[in-house]
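**Student:** Got a structure here, written out as structure tokens. Questions coming.
There are 2 protein chains.
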Amino acid sequence: MKLYVDREYASPWAMAVFVGLREKGLGFDVEVLDLAAGDQRQAGFARQSLTQRVPTLVDGDFSLSESTAILEYLDDTQAGPDLLPREPRQRARARQLQAWLRSDLGALRAERSTEVVFYRPTDKPLTAAGQAAASKLIAAATQLLDGRDYLFGTWSVADVDLAVMLNRLILNGDPVPDALKQYAARQWQRPSVQAWVQLERPPL
Amino acid sequence: MKLYVDREYASPWAMAVFVGLREKGLGFDVEVLDLAAGDQRQAGFARQSLTQRVPTLVDGDFSLSESTAILEYLDDTQAGPDLLPREPRQRARARQLQAWLRSDLGALRAERSTEVVFYRPTDKPLTAAGQAAASKLIAAATQLLDGRDYLFGTWSVADVDLAVMLNRLILNGDPVPDALKQYAARQWQRPSVQAWVQLERPPL
Ligand SMILES: [Ca+2]
Ligand SMILES: [Ca+2]
Ligand SMILES: [Ca+2]
Ligand SMILES: [Ca+2]
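As you go down the protein sequences, you meet chains A and B in turn. In terms of my numbering, the first sequence has 130 at position 130, counting the first letter as 1, and numbering is strictly consecutive. Each position in the second sequence, counted from 1, maps to that position plus 1000 in my numbering.
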């Protein structure tokens, strides 16, 4: 298999698929696209990704974009540990979290980009909108985790998504409750996550 | 079951779940929230929706937000026709389309809000960004449909999502190829879709 990602290895959604492939124990090649240079609009890639976005997985003659679709596809077609919980209500909760983190909290994602997580912190304070999104995230994460080590009893890829979102604040020194800091730090030590974190990145 | 939606019945994601419940033949009550008045932040609803968003489905003691998670939950737990294709690669493509329509084409969604679809057209021309998003949508829809009546051989809820997105342009009189106009018009006549379209809406 082949996985297309951004050349800065900063896309949290590319990271989720990279981690999922490693957790499944699958071999894959990583291909990087220079999104700032428009690589995703070049014909060779656009033929494989209808939506011209990363991550895109190529599995033989089948190529697929959108991280949530790719992760479900891996669970549906590949052996190895489940990436999402199997019990229907837990799986539903995991999907809810994935969808929410990809479509809400826009101010937080803009003001604490993943450059904060994978390159360096920023001095800029959060705006009121950014602070409101941070508060919503912290409240939801606290309620969902409810003191557990993982969102759903054992590890799932939703833990990676949540840890990255929390680390936008934590790794920047913004205030986050200790229990969530400890949760994110534990997630960060997972070997599949460290394999992404430790990738050699080009200067910005 | 109970489904929370916006009081204008203008959320395309609430519509997708409403249509899915009807296609499954499930009985449900509709509850409307006045999002402009902040109903979604009231304690009663916030307890049921961690993310304070519509649509939210309440199924006994279980409540769930995010339309894609709800639709998968219905397929996982309820009898009746499938809302998404069962074959893994087709299901993956349907999920890709759902995820893409919910997270890309922002300029088109902003400049051709669903008020255009459910209330009235607008005179404002598309900006360059809006036109680029429209062109990307038209190219993807043409390639995905490839002359077929449905995206995946038989109806799926992804056809509703795609028809709504196309109707942001079509019902406003913006240029769209005839084949896509005919596809959207066919989808629009489906009884589950008409049940949503014909709901009595409050003035804006
Ligand atoms: Ca390049
Ligand atoms: Ca507890
Ligand atoms: Ca009200
Ligand atoms: Ca053909």
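Using N, Cα and C, we set each Cβ at its ideal position, and we do this for glycine too.
Residues of chain B with CB closer than 9 angstroms to the CB of Glu111(A), please, in chain order.
**Tutor:** Ordered by position in chain B, no residue passes the 9 angstroms Cβ test against Glu111(A), which lies about 18 angstroms from the chain.
**Student:** Since Arg1148(B) meets chain A, which of its residues come closer than 9 angstroms, beta carbon to beta carbon?
**Tutor:** Those do not exist, as Arg1148(B) stays about 15 angstroms from chain A at its closest Cβ, beyond 9 angstroms.
**Student:** Note down, in chain order, each residue of its chain lying with its Cβ closer than 8 angstroms to the Cβ of Asp149(A), except the 5 sequence neighbours on either side.
**Tutor:** If we look at Asp149(A) and ignore the five residues flanking it on each side, its Cβ neighbours are Tyr183, Arg186.
**Student:** Note down, in chain order, every chain A residue with its Cβ under 8 angstroms from the Cβ of Gln1048(B).
**Tutor:** Per Cβ cutoff of 8 angstroms: no residues; Gln1048(B) is ~12 angstroms from chain A at best.
**Student:** Sorted by chain position, which residues of the same chain lie with C-beta nearer than 8 angstroms to Gln46(A)'s C-beta, five sequence neighbours on each side aside?
**Tutor:** This sequence places Ala at residue 46(A); Gln is not what is there. Cβ neighbours of Ala46(A) beyond the five flanking positions: Gln40, Gln52.
**Student:** Determine the extent of the beta strand (DSSP E) in which Tyr1183(B) is found, giving its start and end residues.
**Tutor:** From DSSP, Tyr1183(B) is part of no beta strand (DSSP E) but of the alpha helix (DSSP H) over 1178-1188.
**Student:** Beta carbons nearer than 9 angstroms to chain A: which residues of the segment 1084-1100 of chain B have them?
**Tutor:** Listed by position, the residues of the segment 1084-1100 of chain B near chain A (Cβ gap below 9 angstroms) are Pro1088, Arg1089, Arg1091, Ala1092, Arg1093, Ala1094, Arg1095, Gln1096, Leu1097, Gln1098, Ala1099, Trp1100.
**Student:** Identify the contact partners of Phe1062(B) in chain A, using a Cβ-Cβ distance below 7 angstroms as the criterion.
**Tutor:** Under the 7 angstroms cutoff, chain A gives Arg89.
**Student:** Let me check understanding here. Comparing Cα to Cα, which of Gly1147(B), Arg1109(B), Leu1151(B) lies closest to Val1179(B)?
**Tutor:** In the sequence on display, residue 1179(B) carries Ala and not Val. Considering only alpha carbons, the answer is Gly1147(B).
**Student:** State buried or exposed for Asp161(A), treating a residue as buried only when at least 16 other CB atoms are found within 10 Å of its CB.
**Tutor:** Buried, since its Cβ has 16 or more Cβ neighbours within 10 Å.
**Student:** Can you pull the chain A neighbours of Ser1156(B), defined as C-beta to C-beta under 9 angstroms?
**Tutor:** What Ser1156(B) touches in chain A: nothing, since even the nearest Cβ is about 14 angstroms away.
**Student:** In chain order, which alpha helix (DSSP H) runs of at least 4 residues are fully inside the segment 115-184 of chain A?
**Tutor:** Whole alpha helix (DSSP H) segments, 4+ residues: 128-145, 157-170.
**Student:** Distance cutoff 8 angstroms, beta carbons only. Does Gln1189(B) sit that close to anything in chain A?
**Tutor:** By this cut-off, Gln1189(B) is not an interface position.
**Student:** To which residues of the same chain is Phe1118(B) closer than 8 angstroms at the C-beta, ignoring the five residues directly before and after it?
**Tutor:** Cβ within range, chain order: Glu1008, Tyr1009, Ala1010, Val1197, Arg1201.
**Student:** Which residues in chain A sit within 9 angstroms of Leu1144(B), going by Cβ to Cβ distance?
**Tutor:** Correct list: Leu50.
**Student:** Under 8 angstroms, Cβ to Cβ, is there at least one residue of chain B near Tyr73(A)?
**Tutor:** Yes - at least one Cβ of chain B is within 8 angstroms of the one on Tyr73(A).
**Student:** Beta carbon of Gln1096(B), beta carbon of Ser103(A): below 8 angstroms?
**Tutor:** No, they are not a contact pair.
**Student:** Quick one: residues in its chain with C-beta nearer than 7 angstroms to the C-beta of Asp1034(B), no 5 flanking neighbours on either side, listed in chain order?
**Tutor:** Excluding sequence neighbours, Asp1034(B) sits near Arg1007.
**Student:** In angstroms, rounded to a whole number, what distance separates the CA positions of Ala1163(B) and Ala1094(B)?
**Tutor:** Their backbone Cα atoms lie some 14 angstroms apart in a straight line.
**Student:** Would you please verify whether the beta carbon of Thr1068(B) is less than 8 angstroms from any beta carbon of chain A?
**Tutor:** Interface residue, yes.
**Student:** Going by Cα to Cα distance, which pick from Pro177(A), Arg190(A), Ala140(A), Leu50(A) is closest to Leu101(A)?
**Tutor:** Nearest option by C-alpha distance: Ala140(A).
**Student:** Here's the rule: buried if 16 or more other CB atoms are within 10 angstroms of the residue's CB, otherwise exposed. What is Gly60(A)?
**Tutor:** The residue in question, Gly60(A), is exposed, as its Cβ has fewer than 16 Cβ neighbours within 10 Å.
**Student:** Does Asp1076(B) come within less than 8 angstroms of chain A when only Cβ atoms are used?
**Tutor:** Answer yes: the Cβ-Cβ gap between Asp1076(B) and chain A drops below 8 angstroms somewhere.
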